[in-house]
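The opening position of the sequence shown corresponds to residue 717 in the numbering used here, with each subsequent residue numbered one higher.
Quick reminder that beta carbons are idealized off the backbone N, C-alpha and C, glycines included.
Written below as structure tokens is the structure these notes are about.
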Amino acid sequence: MPLLSVRDLVVKFAMRDETVTALKSISFDVARGDRLGIVGESGAGKSVTGFALLNLISRPGFIDSGEILFDGMNMADMSDAELREVRGNKMAMIFQDPMVTLNPVLTIGQQMVETLQAHRKLSRKEAEQIAVLKLREVYIPAPEERLAQYPHELSGGMRQRIIIAIALLLDPQLIIADEPTTALDVTIQADIMELLLELCTTKKVSLILITHDLGVVSQMTENTLVMYAGRIIEAGRTREIINDPQHPYTQGLINALPQQTLPGERLKQIPGNMPSLSAAPKGCAFNARCEFAQDRCRMEVPNFEQIGPVKVACHEVRRLHHETHKQEDLA
Ligand SMILES: Nc1ncnc2c1ncn2[C@@H]1O[C@H](COP(=O)(O)OP(=O)(O)OP(=O)(O)O)[C@@H](O)[C@H]1O
Ligand SMILES: [Mg+2]
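See the structure below:
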């Protein structure tokens, strides 16, 4: 049994004039110890997916239907008490901005002790000892002294290390990290990713890493989901998706990487924008930006089907796959 199994998950937002569907029936699994990347442009539904997994979608949003089976239990219909038990304890989330998680008026020590005592029967002394141990694991220098400091006294990189330490406090089975380094200096982004990778690997914690950056995904994860306008449009082993993307949108994302561009050349951005939820076109949501779109793509939503080693939602994928691989054979 996979650690996490999401089935036909639908999330909606009830706005004043209309109800929009942010997740249009998504399904995926995360095996124990596996690291999964979720990529896609802004507004694709990556963060909504992360929040939904913890059943943290708040009004006007709601989980409309579907299952989120975590370790056999359905997160979508747990009581608040059961959810509190899972959150932090078994599943932890790391956000882009450390200050979302850190309370500015409490010291690092107070926050860590509070989190520990909420889930475990520990004295303050015992909780502090665990806190120091966890700070040491994320390579925080002089951890004993950090306990007395307030979040604003620390650098952004240090704060994000503390967030990782807090996420690991209760030895969770799954960490969901939503753009955990975008708010940081470029120079320390790689350090934080490396730390996250090291800790997940040594502790056999599963990771869901949400990011815009396909380069990061290729370094950090074994499997990848590509999202577009609230759907998963390609899924499979990260290596396959990076080396041989099947969906025209995934191909566009990879062609737009700076590594694919010669010096002096402009980045090959995908033309146009992702449609807003209320203005999604009929058929495949990518059709207006897709150079291969046919009439059918403007009429019917494509099925999500296995094409070789990956799963893809594209009407034209068989033809395109055939043509690229034929050209390769001739070359
Ligand atoms: N609180 C909200 N109220 C209404 N709609 C929302 C809300 N949060 C998200 N949405 C809708 O869900 C869609 C997906 O949002 P989400 O935050 O998951 O995108 P994302 O893929 O994480 O983008 P980004 O890369 O910018 O973080 C958005 O286009 C938005 O329309
Ligand atoms: Mg987001």
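- Along the chain, which unbroken stretches of the beta strand (DSSP E) at least 3 residues long are found entirely within the stretch 719-760? 720-730, 735-746, 751-755
- Determine the burial state of Lys920: buried for a count of at least 16 other Cβ atoms within 10 Å of its Cβ, exposed for fewer. exposed
- Hey, would you say the C-beta of Ser758 is under 7 Å away from at least one heavy atom of ligand 1? Yes - ligand 1 has a heavy atom lying nearer than 7 Å to the Cβ of Ser758.
- Message: Let me check you understand the geometry: is the CB of Lys998 closer than 7 Å to at least one non-hydrogen atom of ligand 1?
- Response: no
- Of the residues Pro776, Pro964, Ser795, Ile949, which one's Cα is nearest the Cα of Gln1022? The residue with the shortest Cα to Cα distance from Gln1022 is Ile949.
- Query: Count the other CB atoms within 10 Å of the CB of Leu978; is the residue buried (16 or more) or exposed (fewer)?
  - Reply: exposed
- Query: What number of angstroms, rounded off, separates the C-alpha of Ile882 from the C-alpha of Met828?
  - Reply: 6 Å
- Message: Under 8 Å, with one C-beta from each stretch per pair, do the stretch 940-948 and the stretch 733-750 reach the 3-pair mark?
- Response: yes
- Message: By the three-class DSSP mapping on this structure, what secondary structure does Phe786 have?
- Response: strand
- Message: Rounded to whole angstroms, what is the Cα-Cα separation between Thr954 and Leu913?
- Response: 15 Å
- Query: Using CA coordinates, which residue listed in Ala834, Pro859, Val854, Tyr855 is at the minimum distance from Gln1048?
  - Reply: No information on residue 1048 is available, as it lies outside the stretch 717 to 1047 that the chain covers here.
- Message: Using a 10 Å radius around the Cβ and a threshold of 16 neighbouring Cβ atoms, would you call Gly895 buried or exposed?
- Response: In the sequence as presented, Gly is not what sits at residue 895; that position holds Glu. When all chains shown are included, Glu895 counts as buried.
- Closest Cα partner of Leu822 within the set Asp887, Thr966, Gly766, Leu863: Comparing Cα positions, the closest option is Leu863.
- How would you write the range of the beta strand (DSSP E) that Val1026 sits in, first residue to last? 1026-1028
- Query: Buried or exposed: which applies to Ser922, given that a residue is buried once 16 or more other Cβ atoms fall within 10 Å of its Cβ?
  - Reply: buried
- In the DSSP assignment, find the beta strand (DSSP E) that holds Val942 and state where it starts and stops. 939-944
- Between the Cα of Val942 and the Cα atoms of Glu783, Ala730, Leu969, which residue gives the shortest distance? Leu969
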